[in-house]
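Which chain is which? The protein sequence lines are Z, V and D, in order. Note that numbering that gives the first Met the number 0 has the first sequence beginning at 0, numbered continuously upward. Note that numbering that gives the first Met the number 0 has the second sequence beginning at 0, numbered continuously upward. Note that numbering that gives the first Met the number 0 has the third sequence beginning at 0, numbered continuously upward. Just so you know, even glycine gets a beta-carbon here, dropped at the ideal spot from N, CA and C. Working notes, structure below.
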Amino acid sequence: MTLLSLLDYGSVLIFALTGALVASRAQLDLVGFAFMASLTAVGGGTVRDVLLDRHPVFWVANPTYILIATSAAVLVFFTAHLVESRYNWLVWLDSFALSIAVAAGAGVALELGQPPMIVVLMGMITGCLGGLMRDVVNDELPLVLKQVQLYVSCAFAGASVAVLASFQDLPEIVVLAACAATCWGLRAGSLLFGWQLPVYKSRPPRN
Amino acid sequence: MTLLSLLDYGSVLIFALTGALVASRAQLDLVGFAFMASLTAVGGGTVRDVLLDRHPVFWVANPTYILIATSAAVLVFFTAHLVESRYNWLVWLDSFALSIAVAAGAGVALELGQPPMIVVLMGMITGCLGGLMRDVVNDELPLVLKQVQLYVSCAFAGASVAVLASFQDLPEIVVLAACAATCWGLRAGSLLFGWQLPVYKSRPPRN
Amino acid sequence: MTLLSLLDYGSVLIFALTGALVASRAQLDLVGFAFMASLTAVGGGTVRDVLLDRHPVFWVANPTYILIATSAAVLVFFTAHLVESRYNWLVWLDSFALSIAVAAGAGVALELGQPPMIVVLMGMITGCLGGLMRDVVNDELPLVLKQVQLYVSCAFAGASVAVLASFQDLPEIVVLAACAATCWGLRAGSLLFGWQLPVYKSRPPRN
């Protein structure tokens, strides 16, 4: 198994857990859990593959990904009542999935020899779009757009680190680990310490 | 005309009627009706074709599908006031469209020689995604996620029956009829008799 | 630079401004502005390219488009507080972007020798889907579906004019200018003078 497919497996598993947690908050049945889990898990990577004309799409080539997502859904269906705060679990699992998926997306684009900007964008797309679909389908304001939190910014920073590191002729695993660590560090800092970028204020203070 | 394109025509027509009914509830004009009808009608099949890299996409190859959807929109625009409960029509028409579209999606994947899991997934995607887009664009919680009703489960069961039947060397029409009948039977049972799977409860009763 | 890529640049720039204005209403940070601007700017053209199997997708082939969208986001982030009514700017910029994007979409389909109906549909898709994604992600009822206003109808009329004009062997620039002018004229008339098509009324008046 290659490093890239390992990252895809990891992000699929963890994103699936978040999708299933959303399903538990919506009180769906088991098949609804599997649906939300799979959509969240493979949504971002699917868009990446379609945009890069990379066929067959990763989970069409290897349906194991869907089995993993479904297993995660079953696990959550029977255990979600055991956790204290499902929203906390959702947000933190999402932060891990985001970081791994950004690395997976950037890694695929690097391997295809795409230019730096496309590498960054594919990292961001793979990281952010699964969660975005999860929230849009569930008729909620996406986590991506929650104000006063870093989210897309973390994906952007992580993917940019991947590009910079790739210029240094480092082994792929170092490049992608640096990418995931940057992304997760920023997201965790935002969740724990309230790190944020200045947000738009309609009337900035006078000088 | 092949059986598969006949199924595509049928699901396009009926999904278009549901899209137009949603447009009537939103009080759009005639072009808005045609837009919602077409989106609902071809949404699922389009995602199927893009995921399977099946180009040209079915309605790009043959725009008759869009003409059918538009005609359905015109019909509903001028007659929807005649029906008693538009929501009832919407839900029941949707159940027929779902069943036919699941058969169409599974049939295409079978014809392409895809493995069983992909056949099931393509059936579910073709069946569920057009209605999902209709509801998301209309800023509503998708019918797919309405709790205490079978929906994705019906698509899953129907597509699974298609896979099982395809192993028996039965004629294509029998395989796909069994698929559509299973899907529709479950959906109708859910609507009429309240059939459902156990839903997730945050605190299950103690033993 | 060809006329078609010029149109793509124009619609990307203006749609990006509208995406950034939506981000300012949601009080996002700078990266959130760039995300919403890029999604709005390239969403419609991306769907067009994927549906027509036109790879690489226009902004993957040439990431300048994303740079333009990001620059537009930065501009709006620092200047949006200077404008009187951001909603007015949003709606009017959207009308320009819509018209240019419809011309861009129809032009690409004409160049590929697609049949008239596909030309019309690609014009509508390129024009309407970026703004639709912007509004759906932002959890709002899409501008496309706002009742008592022409929107999809303008795209339809403009793209139809492009098809009719293309039969006259006119230069491409005339064909596409007629397309954009028709679309924008109708949209402006709808915004200024309340032009509309009859909308569906659940109980029409008795004769």
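Whole-Å CB distance - residue i paired with residue j, under 8 Å assumed
| i | j | result |
| --- | --- | --- |
| VAL135 of chain D | VAL136 of chain V | 6 Å |
| LEU6 of chain Z | LEU175 of chain Z | 7 Å |
| ARG85 of chain D | SER23 of chain D | 6 Å |
Own chain, CB closer than 7 Å to residue i, minus 5 neighbours either side, in chain order
| i | result |
| --- | --- |
| VAL162 of chain D | PRO115, VAL118 and VAL119 |
| VAL208 of chain D | With chain D covering 0 to 206 only, the question about residue 208 of chain D has no answer from this structure. |
| ILE172 of chain D | LEU2 |
| LYS200 of chain Z | none |
| VAL90 of chain D | LEU190 |
| TRP88 of chain D | LEU20 and VAL82 |
| TRP183 of chain D | SER94, PHE95 and SER98 |
| PHE192 of chain Z | none |
Among the options, nearest to residue i - alpha-carbon criterion
| i | options | result |
| --- | --- | --- |
| GLY188 of chain D | D:LEU175, D:SER94, D:VAL160 and D:SER159 | D:SER94 |
| ILE207 of chain V | V:SER70, V:LYS200, V:PHE155 and V:ASP52 | Here chain V has residues from 0 to 206 only, and residue 207 of chain V is not among them. |
| MET123 of chain D | D:CYS153, D:ALA72 and D:LEU20 | D:CYS153 |
| PHE240 of chain Z | Z:SER98, Z:ALA79 and Z:MET0 | In the structure as shown, chain Z begins at 0 and stops at 206. Residue 240 of chain Z is therefore absent and cannot be evaluated. |
| ASN213 of chain D | D:MET35, D:VAL173, D:ASP28 and D:TYR8 | The question about residue 213 of chain D has no answer, for chain D in this structure spans 0 to 206. |
| VAL107 of chain V | V:VAL49, V:TYR86 and V:THR181 | V:VAL49 |
| LEU2 of chain V | V:GLN167, V:LYS145 and V:ALA100 | V:ALA100 |
| MET121 of chain D | D:PHE192, D:LEU27, D:MET0 and D:ARG53 | D:ARG53 |
| VAL21 of chain V | V:GLU171, V:ALA72 and V:GLU83 | V:ALA72 |
| GLN113 of chain Z | Z:LEU51, Z:TRP88, Z:VAL82 and Z:TRP58 | Z:LEU51 |
| GLN26 of chain D | D:LEU191, D:MET0, D:ASP168 and D:PHE77 | D:PHE77 |
| HIS46 of chain V | V:GLY130, V:THR181 and V:TRP183 | Correcting the residue identity first, residue 46 of chain V is Val in this sequence and not His. It is V:GLY130 whose Cα lies nearest to the Cα of VAL46 of chain V. |
| MET35 of chain Z | V:GLN167, V:VAL75, V:MET35 and V:LYS145 | V:LYS145 |
| ALA180 of chain V | V:ALA102, V:PHE192 and V:TRP88 | V:ALA102 |
Beta-carbon proximity check, residue i vs residue j, cutoff 7 Å
| i | j | result |
| --- | --- | --- |
| VAL160 of chain Z | TYR150 of chain Z | no |
| GLY43 of chain V | LEU140 of chain V | no |
| THR125 of chain V | GLY104 of chain V | yes |
| LEU97 of chain Z | LEU16 of chain Z | no |
| LEU169 of chain D | ASP28 of chain V | no |
| PHE155 of chain Z | VAL30 of chain D | yes |
| VAL75 of chain V | ALA19 of chain V | yes |
Close beta carbons around residue i, own chain, < 8 Å, minus the five adjacent residues each side
| i | result |
| --- | --- |
| TRP194 of chain V | LEU149, LEU185 and GLY188 |
Cβ-based neighbour list, residue i, same chain, cut-off 6 Å, excluding 5 preceding and 5 following
| i | result |
| --- | --- |
| SER37 of chain D | ILE65 and ALA68 |
| PRO204 of chain D | Per-residue confidence for PRO204 of chain D stands at a pLDDT of 48, beneath the threshold of 50, marking its modelled position as unreliable; no derived number is given. |
| LEU109 of chain D | VAL118 and SER165 |
| ALA177 of chain V | VAL160 and ALA164 |
| ARG133 of chain V | GLY18, VAL21 and THR39 |
| GLN167 of chain Z | none |
| TRP58 of chain Z | VAL41, TYR64 and ILE65 |
Opening and closing residue of the alpha helix (DSSP H) in which residue i lies
| i | result |
| --- | --- |
| TYR86 of chain D | 85-110 |
| ASP134 of chain V | 115-136 |
| TYR8 of chain V | 2-24 |
| GLU139 of chain D | Unbroken run through GLU139 of chain D: none, as it is neither H nor E. |
| ALA156 of chain D | 151-165 |
| ALA179 of chain D | 171-192 |
| LEU29 of chain Z | 29-50 |
| TYR64 of chain D | 63-78 |
| VAL59 of chain Z | 57-60 |
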